[in-house]
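Here the sequence shown stands for residues 115 to 463, where the numbers follow the numbering used here.
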Amino acid sequence: MTTPSAATAALLELIRWPVSAPAAVDWAAVQSATGARYPAEFREVAEALPPGQFQTFLSLLHPAGFPPDEYADEIHGYAQMLGEPDLVPWAVVGMDYVIAWRIEGDDPDAWPVVVCDSRGPGRVVHRLSTAGFLRAVLTVPTPVEELTFVAEAQQPPSYVANDGRTSAPAGPDEEHWNREAEGRELLGPEDCVDELRDLVTPAPITITVPRWYTVWSQVQGKIGWPPPPDYKHLIEELGAIKVGPVTVAAPGGPVDLVKTYDKLRRRVVKQRAAGGGPAGTVWPEPRGVMRWGDLEGGGHVCWLTYKKRPEFWPVIVFDAELSRHRLHMMSASRFLLEVATNPEHPWGG
Numbered sequence: 115m116t117t118p119s120a121a122t123a124a125l126l127e128l129i130r131w132p133v134s135a136p137a138a139v140d141w142a143a144v145q146s147a148t149g150a151r152y153p154a155e156f157r158e159v160a161e162a163l164p165p166g167q168f169q170t171f172l173s174l175l176h177p178a179g180f181p182p183d184e185y186a187d188e189i190h191g192y193a194q195m196l197g198e199p200d201l202v203p204w205a206v207v208g209m210d211y212v213i214a215w216r217i218e219g220d221d222p223d224a225w226p227v228v229v230c231d232s233r234g235p236g237r238v239v240h241r242l243s244t245a246g247f248l249r250a251v252l253t254v255p256t257p258v259e260e261l262t263f264v265a266e267a268q269q270p271p272s273y274v275a276n277d278g279r280t281s282a283p284a285g286p287d288e289e290h291w292n293r294e295a296e297g298r299e300l301l302g303p304e305d306c307v308d309e310l311r312d313l314v315t316p317a318p319i320t321i322t323v324p325r326w327y328t329v330w331s332q333v334q335g336k337i338g339w340p341p342p343p344d345y346k347h348l349i350e351e352l353g354a355i356k357v358g359p360v361t362v363a364a365p366g367g368p369v370d371l372v373k374t375y376d377k378l379r380r381r382v383v384k385q386r387a388a389g390g391g392p393a394g395t396v397w398p399e400p401r402g403v404m405r406w407g408d409l410e411g412g413g414h415v416c417w418l419t420y421k422k423r424p425e426f427w428p429v430i431v432f433d434a435e436l437s438r439h440r441l442h443m444m445s446a447s448r449f450l451l452e453v454a455t456n457p458e459h460p461w462g463g
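And the structure:
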């Protein structure tokens, strides 16, 4: 690979990808099989990065992943789906978007990038080079508004290769808060809903589906993990209750569980993009904290997701700025029981 363009170099620096031997891509064979020409920056990126994903969402249609004929079949399949002969697919974002170049003139390096909604006719044109577009997609705030969720998935952004290689480490320390919990057990009992029943005013949630099982399946689909069983029992039995200074988030409640988790995630993503943010990780960052309640004064009541099984997640409470915290080695319902019976105790961050 020759010296990459400034845009390609900036992209590789952004994702902290180590310099390595370029991938062996027979571009003559690839272009012969596909019948397409490729911008220089795409060739640079494909040679610098093995097949893989940006932010777990965005995947290059990488020529090193297939023999040329099979690669051509994949490209032609996406082109047929788009149904526009002047579009050349080169990346996908899950099953939702196909990213293509629009052929305009004889110079591939001047072709604009088009984000194509695979579910409909939506097309958004971006007058950016290939590497410039990828860098824009990974930057917060991103000018590629239809793909904001890609940039916000993680900051600093990362690339994970199919062979297991990843971007160099950067950003928060995933063990920062977890070290305090390692080797400790939750105080029992884990499920204290029955004990809470006589101490709080129920605030039932009206669900629009026949069963809570469906609600929790929807929640898991949105946050990527099932909530702890005692929390689910709490919501089903007592609803979106308020216990002292704590307001419990619930699916469809005044403080919605998915929205409150997402609100904290977005805030931290913006802080990270600006070079700040908390020292520890926030879900969906590895072993991050996941918000499940409001604390008076703007604080955050969270789970510490340091173990794979949610029933073992302790409660961690932060101040509004995520600069101070208190770890409580107890389940959500046990924590609320303690708050209800010990109102003078400083439970916050």
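Ideal Cβ positions, reconstructed from N, Cα and C, are used throughout, including at glycine. Computed from a predicted model, the values in this text were never measured in an experiment.
- Proximity to leucine 126 across Gly149, Leu163 and Ala147 peaks at Leu163, based on C-alpha coordinates.
- Contact annotation, phenylalanine 168 with proline 271: C-beta distance approximately 7 Å; criterion of less than 8 Å satisfied.
- From the listed residues Arg293, Val274, Tyr273 and Gly358, the smallest Cα separation to arginine 401 is found for Arg293.
- Along the segment 245 to 324, the beta strand (DSSP E) occurs as fully enclosed runs of 3 or more residues at 273 to 275, listed in sequence order.
- With at least 16 other beta carbons inside 10 angstroms of its own, histidine 439 counts as buried.
- At the C-beta level, tyrosine 345 and tryptophan 406 come within 8 Å of one another.
- Every alpha helix (DSSP H) stretch that sits fully inside the segment 159 to 205 and reaches 4 residues is listed by chain position as 182 to 196.
- Between the alpha carbons of leucine 371 and leucine 418 lies a gap of roughly 15 Å.
- By the Cβ-count criterion, glycine 367 is buried, with 16 or more other Cβ atoms from all chains shown falling within 10 Å of its own Cβ.
- Within the same chain, Cβ atoms closer than 7 Å to the Cβ of alanine 393 are found at Pro286, Asp287 and His290, the five residues on either side in sequence being excluded.
- Per DSSP, the beta-bridge partners of alanine 214 are Pro203 and Val228.
- Its chain contains Ala317, Ile319, Thr361, Val362, Ala363, Ala364, Gly367, Pro368 and Val369 as the residues whose beta carbon lies nearer than 8 Å to that of alanine 354, once the 5 sequence neighbours on both sides are disregarded; these appear in chain order.
- Boundaries of the alpha helix (DSSP H) harbouring aspartate 376: 371 to 387, taken from the DSSP string.
- When rounded, the separation of the alpha-carbon atoms in histidine 176 and glutamate 188 is 10 Å.
- Here the alpha carbon of glutamate 155 sits roughly 46 Å from the alpha carbon of proline 342.
- Rounded to whole angstroms, proline 303 and serine 447 show a C-alpha spacing of 9 Å.
- As a beta-bridge residue in DSSP terms, histidine 439 pairs with Phe432.
- Within the DSSP bridge table, the entry for leucine 418 names Val403 as partners.
- Rounded to the nearest angstrom, the gap between the Cα atoms of isoleucine 349 and leucine 451 is 14 Å.
- Secondary structure within the segment 341 to 366: the alpha helix (DSSP H) runs of 4 or more consecutive residues, fully enclosed, are 343 to 352 (chain order).
- In the DSSP annotation of this structure, valine 238 is not part of any alpha helix (DSSP H); the continuous beta strand (DSSP E) holding it starts and ends at 237 to 240.
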